[in-house]
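Line by line, the protein sequences give chains X and C. Our numbering puts the last residue of the first sequence at 235; the count rises by one with no breaks. Our numbering puts the last residue of the second sequence at 235; the count rises by one with no breaks. Below: the structure, in structure tokens.
2 protein chains.
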Amino acid sequence: MAAAPHSSDLTGRARIRNAALRQFAERGFAATTMRDVATAAGVSPALVQHHFGTKDGLREACDTYALAAYIDIAERGVTKGELPDGHHIGEEASWLVRYLALALVEDSPAATAIFEALVAVTEGHLRTRDVGATDLHAQAVVLTAMRLGVTVLHRHVGRGLDTDVFSEEGVARVSLASLDLLAPGLVDTDLAESWRADLTDLPQRTGQSADPSETARSTPQPTQEVPPDDV
Amino acid sequence: MAAAPHSSDLTGRARIRNAALRQFAERGFAATTMRDVATAAGVSPALVQHHFGTKDGLREACDTYALAAYIDIAERGVTKGELPDGHHIGEEASWLVRYLALALVEDSPAATAIFEALVAVTEGHLRTRDVGATDLHAQAVVLTAMRLGVTVLHRHVGRGLDTDVFSEEGVARVSLASLDLLAPGLVDTDLAESWRADLTDLPQRTGQSADPSETARSTPQPTQEVPPDDV
DNA sequence: GGCGTGACTATACACAGGCACAGTTGGCTG
DNA sequence: CAGCCAACTGTGCCTGTGTATAGTCACGCC
């Protein structure tokens, strides 16, 4: 947990983990085979087992990795405002989000920790604004679930909005809708307004999207990859 | 949806379907085996295949069954107010909900239809109240996703609230939290207030409803199984 | 140079899961 | 009763999947 091996992180083990993350995120855990993961990572099935031992080991590695990365994202997101996620979700980070969403739904071992961490962050945020809270904890729980709902159901939301939820336009429209739907006071008013002004013209902007190539993702900071060190 | 074959529905095919519904809902589709379903239904694995042909056939049957049933529930729920679900979710109906939640997350074939139907219902409801709507459709989509989020993540929400989400107390606390979190105007004010008054003392009440005459919305209907006909 | 170590592969095995097939039973109709 | 159909079961095959094992290659170190 000490060093952050950025370059060595791109080889072997990490490539497999990333591939697994994607596969798990889009197919689910049970439906994903280790051979799928291996193929997607461009390695032999045996190497997967060499590095992670068992399929559950692989899942565990994905869990801890994704958890650490996302907590940070969520912390920044919630602290900045109230909206589902930051303005733009990078290519890599979007997979993190999708993975965690699915891990939450299936009962991945780390799911409990993930959810409770998110609740804690949200609750801390709610405590800041002081809504007339009878049951602050319940509010935090429900709000967390609501925000995650958009993520978990990103495919359907995306279809309904006719955009990818994680694209710039998608985030903007979801955020705007959230602003209208959520009680004012959750985000303080002027900040909300600046958001609104900000977001309204976002769709026009073409916006730099993340690089599509998965081989060389040396672009460091478009959306804060937050690589916690390996496993 | 026309006839309700109550007794014939309890035999063979229907028993298998119900068992499948539960298994799929709690384990997910890929992780559930036809042998599991057969065992849970108390029949031989071959009978499952005899009735539904293939595993996908079984899923399809579950989809259409659950869809029809839930649409009705949701329609009543959203029309009555804004809250996630009716006051109390019956044993059978709760499995429907859980199943649909999972069907939505995995990309079950009927998932699209389900989600869009729910969006349509919600959008119709939103059109009633007139919120200053710049993007009504997006609001409907996001609100639907938010409401479903609580359902999809019911395990975590339940743990966070230390109650089963589908129990009476669970529904009450979630509803109250939603009232506080969602923008006023989504539910019109007096109705919301009556809800609040109604819900606040719900946990205390043991079982029988001491309903004030003012809340004239339809009768609480303790469980409401809503069995659409077979297949 | 010898050599251990770790990344990586090929192969194989045990087993579970989906599915096919041939029955058996029981109830209904002629 | 004969005939038939549908519900239901036992059994087995074949593929796919997780995992174990043995082996190859490259590289750093004495």
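We treat Cβ as the ideally placed atom computed from N, Cα and C, and that holds for glycine.
Counted within 10 angstroms of its Cβ, other Cβ atoms place residue i as buried (16 or more) or exposed
i, result
"Arg-26 of chain X", "buried"
"Glu-105 of chain X", "Residue identity check: residue 105 of chain X is Ala in the sequence provided, not Glu. Buried."
"Thr-60 of chain C", "Rather than Thr, the amino acid found at residue 60 of chain C in this sequence is Asp. Per the 10 Å Cβ criterion, exposed."
"Ala-107 of chain C", "buried"
"Gly-174 of chain C", "buried"
"Ala-201 of chain C", "exposed"
"Ala-42 of chain C", "buried"
"Ala-124 of chain X", "exposed"
"Thr-37 of chain X", "exposed"
"Glu-172 of chain X", "buried"
Close-in-space but distant-in-sequence residues of the same chain around residue i (CB under 8 Å, 5 per side omitted)
i, result
"Arg-131 of chain X", "Leu-140"
"Leu-71 of chain C", "Leu-104, Ala-114, Ala-117, Ile-118, Ala-121"
"Arg-39 of chain C", "Pro-49"
"Gly-16 of chain X", "Val-47, Leu-51, His-55"
"Thr-223 of chain C", "Here the model assigns Thr-223 of chain C a pLDDT of 30, short of 50, so the residue's position is not dependable, and the following value carries that caveat. So no residue of the chain qualifies."
"Ala-35 of chain X", "none"
Contact with chain X by residue i, beta-carbon distance below 8 Å
i, result
"Ala-181 of chain C", "yes"
"Phe-28 of chain C", "no"
"Gly-16 of chain C", "no"
"Val-52 of chain C", "no"
"Val-175 of chain C", "no"
"Asp-139 of chain C", "yes"
"Leu-62 of chain C", "no"
"Val-41 of chain C", "no"
"Leu-185 of chain C", "yes"
"Val-178 of chain C", "yes"
"Ala-24 of chain C", "no"
"Gly-57 of chain C", "no"
"Gly-46 of chain C", "no"
Distance, residue j Cα to residue i Cα
i, j, result
"Thr-68 of chain C", "Phe-33 of chain C", "15 Å"
"Thr-58 of chain C", "Gly-162 of chain C", "34 Å"
"Thr-167 of chain C", "Ser-48 of chain X", "46 Å"
"Thr-148 of chain C", "Leu-180 of chain X", "15 Å"
"Ala-50 of chain X", "Ala-187 of chain C", "53 Å"
"Gly-189 of chain X", "Gln-53 of chain X", "50 Å"
"Ala-23 of chain C", "Tyr-74 of chain X", "36 Å"
"Leu-157 of chain C", "Ser-112 of chain X", "12 Å"
"Glu-64 of chain X", "Leu-183 of chain X", "35 Å"
"Thr-185 of chain X", "Glu-110 of chain C", "It should be pointed out that residue 185 of chain X corresponds to Leu in this sequence rather than to Thr. Taking the straight line joining both Cα atoms gives about 26 Å."
"Arg-159 of chain X", "Arg-31 of chain X", "13 Å"
"Met-150 of chain C", "Leu-62 of chain X", "31 Å"
"Arg-133 of chain X", "Glu-197 of chain X", "16 Å"
"Ala-176 of chain X", "Gly-128 of chain C", "23 Å"
6 Å Cβ shell around residue i - same chain, five flanking residues per side excluded
i, result
"Trp-99 of chain C", "Leu-25, Arg-26, Ala-29"
"Arg-102 of chain X", "Ala-29"
"Thr-210 of chain C", "Only weak support exists for where Thr-210 of chain C lies, its pLDDT of 37 falling under 50; the value from the coordinates is given anyway. Contacts found: none."
Residues near residue i in its chain [Cβ-Cβ closer than 7 Å; skip 5 each side]
i, result
"Ala-45 of chain X", "Arg-19, Ile-20, Ala-23"
"Thr-126 of chain C", "Val-82, Ala-144, Leu-147, Thr-148"
"Leu-152 of chain X", "Ala-105, Leu-108"
"Cys-66 of chain C", "Arg-21, Ala-24, Leu-25, Phe-28, Tyr-103"
Any C-beta of chain C under 8 Å from that of residue i
i, result
"Pro-188 of chain X", "yes"
"Ala-35 of chain X", "yes"
"Ala-142 of chain X", "yes"
Practice task
Report the residues of the segment 144–155 of chain X with a CB closer than 9 Å to any CB of chain C, ordered along the chain.
Solution key: Correct list: Ala-144, Val-145, Val-146, Leu-147, Thr-148, Ala-149, Met-150, Arg-151, Leu-152, Gly-153, Val-154, Thr-155.
Exercise for the section: Return the residues of the segment 109–135 of chain C that lie within a Cβ-Cβ distance of less than 8 Å from chain X, sorted by chain order. Expected result: So the list reads Val-109, Glu-110, Asp-111, Ala-115, Thr-116, Phe-119, Glu-120, Val-123, Val-135, given in the order they occur along the chain.
Problem - Interface residues of the segment 95–109 of chain C facing chain X [CB-CB below 9 Å] - result: Correct list: Ala-105, Leu-106, Leu-108, Val-109.
Problem - the segment 156–171 of chain X: positions lying closer than 8 Å to chain C by Cβ - result: Residues are counted here when their Cβ sits less than 8 Å from a Cβ of chain C; for the segment 156–171 of chain X these are Val-156, Leu-157, Arg-159, His-160, Val-161, Arg-163, Gly-164, Leu-165, given in chain order.
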